[in-house]
Structure formats: C-alpha cells, structure tokens
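In the numbering used here, the protein residues as written are 24 to 431.
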C-alpha cells in the first residue's frame with residue numbers, strides 16, 4: 024500500500040511540484056484508536072501551507088459511514104499531531120517539512136467492514152508426516168428455515184426435535200439422519216433444522232481431514248471435533264452424503280475402520296454437538312452410527328406431493344423473479360410434474376424461464392418437460408423401498424413419504 028502511495032505522490036508532483044499524502048488507519052473514531060500513520064512527500068522543494076491529501080482507513084464492525092466522513096478531518100489532524108510528536112524525538116531533520124504543511128485535507132475514507140472481517144471458521148493444526156497441516160472449515164449461517172420443509176412434517180419435527188432442544192431439556196435428541204432419493208431436499212432440510220435449533224452449520228467433509236499419512240486422518244478429525252465441541256452450544260455438525268461412512272461389513276481397510284471408530288466415539292459423548300447426517304442410500308451407512316444414543320431421529324423424505332411441489336414452485340419463482348403467464352400455468356406445472364424431485368422441478372422452472380425470457384407460459388413448460396426424463400415406475404419402487412426401510416430402522420422415525428395418489 025505504501026508503494027502505491029509513493030507512486031501516487033511521484034506522479035502528482037511531476038505536474039504540481041511539491042505534494043504530500045497522509046495515510047492513517049484507526050480502529051475507532053477517536054484519537055486513541057490510531058493504529059498507524061505515515062506521511063509521504065515528493066522530493067520537490069517544499070512550499071508553505073500545502074495541504075496534504077489524507078486517506079483515512081477505519082476498521083470496525085459498528086462504524087457508520089456518515090460519522091466517519093464527519094470525523095475524518097479531526098482524525099487526519101490527530102494523525103499529523105502524532106507524526107510531529109514522533110519525529111521530534113527520532114527524525115528531527117523532517118520537522119521543517121512538517122512545519123511548512125497546512126492542515127491535511129481528507130480525500131478518501133475507507134471503512135473495512137466486509138465479510139472478511141466477520142468470517143467465522145473452525146481451525147485445526149496437526150503434524151502431518153514431516154510437516155504441520157492446517158485445516159479451515161467455514162461456519163455458515165443457515166439459509167433455509169423450517170417453513171421451507173414439507174408442511175406435513177413441520178409440526179412433528181418441532182415437537183420431536185426442535186422444542187425439547189431449544190428448551191434445554193436433558194432428554195432432547197442430539198442428532199438426526201435424513202435420507203431419501205437425490206434431489207428431494209435433504210441438504211435443505213439439514214440447514215432448516217439447524218436454523219430452527221438456533222445453530223450455525225459446520226460441514227464435515229472427508230477431503231478436509233483425510234491424509235495419506237498413517238494416523239494423521241484420526242489426529243485431524245480429533246482436532247476438528249475438539250474445536251467444534253468447545254462451541255457445541257452454537258454449532259451443528261452436518262455430514263452430507265454420509266455414505267463414505269459405509270458399514271464395516273462392506274470394508275476391511277484399517278484406515279476406514281479407524282476413521283469410523285473415531286466418529287463413533289465423538290457421537291457417543293454426552294456433550295456432543297447436534298449432528299445431522301444425510302444420505303441417498305441408507306443401507307450403505309454403518310448402522311452403529313444411526314442407533315439411538317448417537318443419532319436419535321431418522322427423517323425419511325420421498326418424492327414431493329402436489330402441495331409441496333406448489334410451495335417449492337412459487338418459492339423458486341419468487342427467488343428467480345420469474346413471472347407466470349397466468350395462474351393456470353402454476354396449476355399445470357403442479358399437475359404435470361408427478362414423481363419429479365424438487366431439484367428437477369427447480370431445473371424445469373429455470374429452463375422454461377430461459378426460453379420465455381423470464382415469463383413462463385404453457386408452451387415454455389411443455390418445451391422444458393421434454394428435456395427432463397422421469398421414470399414413474401422406478402420412482403414408485405424407490406418410494407416403496409423407503410416405506411420398507413422405515414420399518415426396520417432403529418429409533419424415532421419421522422416419515423414424509425407421500426402415497427401414489429398424493430404424488431399424482
């Protein structure tokens with residue numbers, strides 16, 4: 024930054040002769056908040072009463088723009104005063120230049136209040152072979168709410184999961200497993216559940232902690248979980264696509280068994296954070312993870328019924344600012360998207376809107392429908408499989424598996 028200021032001073036001084044620029048950074052709108060300041064001036068002979076151009080940099084989460092502009096002159100003068108006091112002790116040869124300058128004139132006020140300052144993350148550092156390895160996992164604010172879930176299970180989710188947890192009941196569940204076919208909204212439900220519980224989200228993905236070195240995977244996993252446990256009252260751990268934690272009957276590799284045992288240990292602890300797992304194929308996930316005491320509630324999500332399709336369609340249309348040619352178009356889409364997943368319904372809307380330049384009519388819908396292939400027979404069998412699987416899973420089950428009549 025100072026190199027840039029030097030180049031600026033050199034360029035201006037070629038045209039105007041002597042020129043000076045003051046750069047001051049503050050952590051607050053007071054003299055005591057001064058972090059650093061510098062004065063850069065050209066090699067040209069100094070002229071009396073030249074006003075240095077002042078750039079004031081402010082860092083803080085509660086600084087308002089109008090207050091910063093109002094106080095910028097006082098802050099610049101305070102920085103000049105601090106410079107004079109310092110130079111009087113250490114660099115007296117520059118005092119003549121300072122004494123010839125007039126009050127600084129603020130030309131820019133920069134307030135750093137961006138996301139970079141407020142970014143939250145989990146950090147873990149372990150020795151990985153011959154060197155240290157650092158992992159950073161961002162902490163996200165959930166974007167979805169419980170009102171985005173299928174209306175038929177919202178009340179049951181509140182009753183079984185949300186209310187006991189938010190009331191601080193010792194018997195409240197501390198984990199949920201969400202399963203269903205691809206595209207039905209499992210990841211959305213995970214975020215919505217965390218939001219309803221008043222928790223932020225940490226996504227645990229295998230590529231963030233796995234290592235080629237023997238024992239390093241478990242060390243990193245323990246280090247990450249140790250950081251999460253310290254903030255368990257404000258964080259929910261989300262393990263999306265949890266099939267990588269496959270059943271021990273499908274694998275015999277020592278590294279996988281050790282990784283699975285580490286996760287089982289943390290999910291068994293009584294002070295564990297709320298943990299949410301999602302999977303497309305529940306049979307692949309180790310059943311030891313899903314038993315009561317680790318993950319207490321299983322939520323089964325099937326293909327959406329007409330009510331949910333209408334709700335999702337209108338929500339996405341508002342999100343994308345898509346217009347329907349008439350109310351009949353909405354009814355037509357809802358009635359002719361049987362066995363669509365929510366992701367496919369979203370894709371159909373975007374495709375039709377692309378053809379209609381933001382307006383969706385019946386012709387655009389029919390054109391988009393021809394681009395998306397859905398097999399009702401295959402999806403009926405998936406829905407039947409979910410019903411069968413719900414009869415053999417351990418623990419509490421909340422099921423949203425619409426009947427064929429409700430879907431069609």
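Glycine included, each C-beta is placed from N, C-alpha and C at the ideal position. Bear in mind the structure is a predicted one, so any value in this text is a computation, not a measurement.
Query, Result
"Residue 286 in three-state terms, based on DSSP", "helix"
"Spatially closest choice to residue 419 from 143, 390, 182, 319, by CA coordinates", "319"
"Meets three-Cβ-pair contact criterion under 8 Å: the stretch 282–291 and the stretch 164–173", "no"
"Proximal residues to residue 194 (C-beta, below 7 Å), its chain only, five neighbours per side dropped", "187"
"CB of residue 308 within 8 Å of CB of residue 261, strictly", "no"
"Beta-ladder partner(s) of residue 323, from DSSP", "202, 422"
"Start-end ranges of the beta strand (DSSP E) lying completely within the stretch 151–219, minimum 3 residues", "154–163, 198–202"
"C-alpha distance - residue 90 paired with residue 58, whole-angstrom precision", "19 Å"
"Residue burial classification, residue 180 (beta-carbon count within 10 angstroms, cutoff 16)", "buried"
"Beta-carbon separation (whole angstroms), residue 383 vs residue 352, contact threshold 8 Å", "6 Å"
"Coil, strand or helix - residue 334 by DSSP", "helix"
"Close-in-space but distant-in-sequence residues of the same chain around residue 200 (CB under 6 Å, 5 per side omitted)", "300, 313, 318, 321"
"CA-to-CA distance, residue 197 to residue 371, given in whole angstroms", "37 Å"
"Reduced DSSP category for residue 414 - H, G, I as helix; E, B as strand; rest coil", "coil"
"Residue 8 - partner residues in DSSP beta bridges", "Missing from the structure shown is residue 8; the chain here goes from 24 to 431 and no further."
"Helix, strand or coil at residue 224 [DSSP, three-state]", "strand"
"Rounded straight-line distance, which links the Cα of residue 330 to that of residue 358", "10 Å"
"Residues that DSSP places opposite residue 21 in a beta bridge", "Outside the displayed span of the chain (24 to 431) sits residue 21, for which this structure offers no information."
"Of the listed residues 417, 133, 214, nearest to residue 297 (C-alpha basis)", "214"
"Assigned exposure category for residue 65 - 16 Cβ within 10 Å defines buried", "buried"
"Segment limits, alpha helix (DSSP H) that includes residue 396", "Per DSSP, residue 396 belongs to no alpha helix (DSSP H) and is neither H nor E."
"Where residue 77 sits in the DSSP three-state scheme", "strand"
"Segment limits, alpha helix (DSSP H) that includes residue 352", "350–358"
"Endpoints, the alpha helix (DSSP H) within which residue 310 is located", "310–313"
"Option nearest residue 380 by Cα separation, candidates 127, 121, 344, 223", "344"
"Between the CA atoms of residue 409 and residue 415 - distance to the nearest angstrom", "10 Å"
"Alpha carbon of residue 203 to alpha carbon of residue 327, nearest angstrom", "11 Å"
"Where residue 317 sits in the DSSP three-state scheme", "coil"
"Residue 98 and residue 133 closer than 8 Å at C-beta", "no"
"Burial state of residue 432, where buried means 16 or more other Cβ atoms lie within 10 Å", "Any answer about residue 432 is impossible in this case: the structure gives the chain only from 24 up to 431."
"Nearest-angstrom Cα separation, counted from residue 222 out to residue 149", "27 Å"
"Spatial neighbours of residue 56 in its chain, beta-carbon cut-off 7 Å, leaving aside the 5 residues before and after", "49, 50"
"Other residues of its chain near residue 143: CB distance less than 6 Å, five sequence neighbours each side excluded", "162"
"Spatial distance of residue 141 from residue 158 (CA atoms)", "Residue confidence for residue 141 is low, a pLDDT of 45 falling below 50, so the modelled location carries little weight and cannot support an answer."
"Assigned secondary structure, residue 24 (DSSP; H/G/I helix, E/B strand, else coil)", "For residue 24, the predicted structure reports a pLDDT of 49, less than 50, and the residue's modelled location is therefore unreliable. The matter cannot be settled from this model."
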